[in-house]
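Structure first, commentary second.
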Amino acid sequence: MAMRTLLLCAAVVSSCTSALAEDAWKTTEMAAAKASKAAHYIEAEKLLSENLKLAQSFGPKDPRLPRTMLDLAEIYRAEGKYAQALNTYDQALQIYNKIYGPDATEVADSLEGEGEAYKSLNDFGHAEPLLSQALAIRERQLHAGDPDIAQSQNDLGELYTLTGSFEKAEPLLIEARAARQKSPGAESAEFAQTEQALGTLYARSGRSKQAEEAFRQAVGIFGKTVGGEHPDYANALENLALSYSARKDFANAEPLLQRVLEIRQSVFGQEHRDVAASLDNLAALKRAEQEPDDAANFYVQAIKIWEKVLGPDSSDLAVDLNNLGTIYAFSKEKNRAEPLFLRAAALDEKALGPESPELGTDLNNLGLLYFFEKRYAEADKVYVRALSIRRKALGERDSAVAETMSSYALVLQALHRGAEAAQMQAQAKAILGNANGSR
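Numbering (the numbering used here), first residue to last: 12 to 450.
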């Protein structure tokens, strides 16, 4: 009898402990969600890391374990901790597959998050199949117009916009906007997200007036819903600023871009990808305003962050390296340009191949630098290769080919090869003349 009484007490204690643990998990999860919504990501990460330890005590097939992992992965992604995010998404995905099977909406949630992480890294080849699979699962499992379907449509539409597949992007984004206009409504942050995505599509496809109006609307809605210190508000504000910059309204663009940088530095710290993106935008603005010293300073700061976020061997660095090199090439610090152009060329050749148009741009810039430095023999060799690459990649009638020909003609002239220079210059003028005549 005594043993039976002891077991009964143990069972009661175990039940109470389990109930307390479950209550603690729920309370912490809710607190983390509140912190995340307010963009207090450090607080949210700490709470979810604690909750993960608790969830692990529930057993390997308890659904609270992958739920906590998924929420933590979302925070890692927001913070720019992409390696940790991808690893945690993958762990959640594996557990959800074991618990519910491959066609569960929880699996779609994990695929969606992982795809978004790859999208943030500009790894669209990995992102697209994950986002497409997530949308397919949600369309099979949920009713038309469900908020999760709209989210998948929005995210996949954004990716197609980034890759230039506008004909795929637009119907997805329009459908997502229509669904979100009904629920949760046209004044919601979700609706603003899709309005902003459509604005990006319009901007990239040459519909600047529609783009600016979409961005302005998104800024207004985000200001009311998430507030003026939130990264979602900053994203919309940035897009509006870039639309001003595109029409050379620099006076209105610059203070907005500075405000975006301040918000991102406050929320994410000094070494986040969005901070680097802000610095890039300010650098481009300063170049357009003919303020090269300020532009160079912004590019230097951005490159340091990109190296940490993407790694020093990422080809995505090549754009900033080229831009910074170009500034130095036209300055008194020409000696600082060559290593930047050479590094950009090496990154692009390794990542994109020896005949990529990006490599052609790198070499074209390097050739121009050598011309400025009167290193004509080296410029000759570089321009021969740059011209060959651009002809193959872009065609004989592209304006970039004419650009390289015009610069190369100057080198040939300096090498006392006047006949070749005249012929090259004539070909360049013919290309440009045909291009202008066809407009």
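Just so you know, even glycine gets a beta-carbon here, dropped at the ideal spot from N, CA and C.
Judged by DSSP in its simplified three-state form, valine 278 adopts helix. Only exposed fits valine 311, as fewer than 16 other CB atoms lie within 10 angstroms of its CB. Counting C-beta pairs closer than 8 Å gives three or more between the segment 412-432 and the segment 371-378, which meets the contact rule. By the neighbour-count criterion, in which a residue is buried when 16 or more other Cβ atoms sit within 10 angstroms of its Cβ, leucine 31 is exposed. Per DSSP, aspartate 304 is one residue of the alpha helix (DSSP H) stretching across 303-321.
The way I'd put it, the segment 79-88 doesn't touch the segment 274-284; fewer than three beta-carbon pairs between them come closer than 8 Å. Measuring C-alpha to C-alpha distances from arginine 386 to each of Ala44, Asn98, Ala257, Ala425 identifies Ala425 as the nearest.
The beta carbon of valine 393 lies closer than 7 Å to those of Leu374, Leu377, Gly378, Tyr381 in the same chain, with the five residues before and after it left out. Taken through DSSP and simplified to helix, strand or coil, glutamate 344 comes out as coil. In terms of Cα proximity to alanine 307, the closest of Val320, Leu293, Asp409 is Leu293. With fewer than 16 other CB atoms across the displayed protein chains lying within 10 angstroms of its CB, proline 113 is exposed.
Glutamine 281 counts as exposed, since fewer than 16 other C-beta atoms from the protein chains shown sit within 10 angstroms of its C-beta.
Boundaries cannot be given for aspartate 327, as no alpha helix (DSSP H) includes it and DSSP labels it neither H nor E.
Remark: C-beta atoms of proline 77 and tyrosine 52 do not approach each other more closely than 8 Å.
Within the segment 183-254, no complete beta strand (DSSP E) segment of 3 residues or longer occurs. Shown here for glutamine 228: same chain residues with a beta carbon closer than 7 Å to its own, the five before and five after excluded, namely Glu206 in chain order. Around the beta carbon of aspartate 260, fewer than 16 other beta carbons sit within 10 angstroms, so the residue counts as exposed. Shortest Cα-Cα distance from glutamate 125 to any of Ala155, Lys92, Gln152 involves Lys92. Using a C-beta cut-off of 8 Å, the segment 168-185 makes no contact with the segment 218-227, since fewer than three inter-stretch Cβ pairs fall below that distance. A Cβ-Cβ contact shorter than 8 Å links threonine 116 with glutamine 152. A Cβ-Cβ separation of about 10 Å leaves leucine 267 out of contact with phenylalanine 226 under the 8 Å criterion.
Around the beta carbon of proline 323, fewer than 16 other beta carbons lie within 10 angstroms, which makes this residue exposed.
By a beta-carbon distance limit of 8 Å, alanine 189 does not contact isoleucine 232. Their separation comes to about 16 Å. Counting C-beta atoms within 10 angstroms of its own C-beta, glutamate 198 has fewer than 16 neighbours from the protein chains shown and is therefore classed as exposed. In this structure, aspartate 359 places its C-beta atom within 8 Å of the C-beta atom of glutamate 369.
Rounded to the nearest angstrom, the gap between the Cα atoms of lysine 361 and asparagine 445 is 34 Å. A straight-line Cα-Cα distance of about 11 Å links isoleucine 442 and glycine 406.
Alanine 214 is classed as buried because its beta carbon has at least 16 other beta carbons within 10 Å across all chains shown. Following the DSSP letters along the chain, one finds proline 74 in no alpha helix (DSSP H), marked with neither H nor E. A distance below 7 Å between beta-carbons, with the five flanking residues on each side excluded, links glycine 70 to no residue of its chain. Distance check between alanine 119 and each of Glu90, Asn334, Asp166 places Asp166 closest, using alpha-carbon atoms only. Assigned with DSSP and collapsed to three states, alanine 390 falls in helix.
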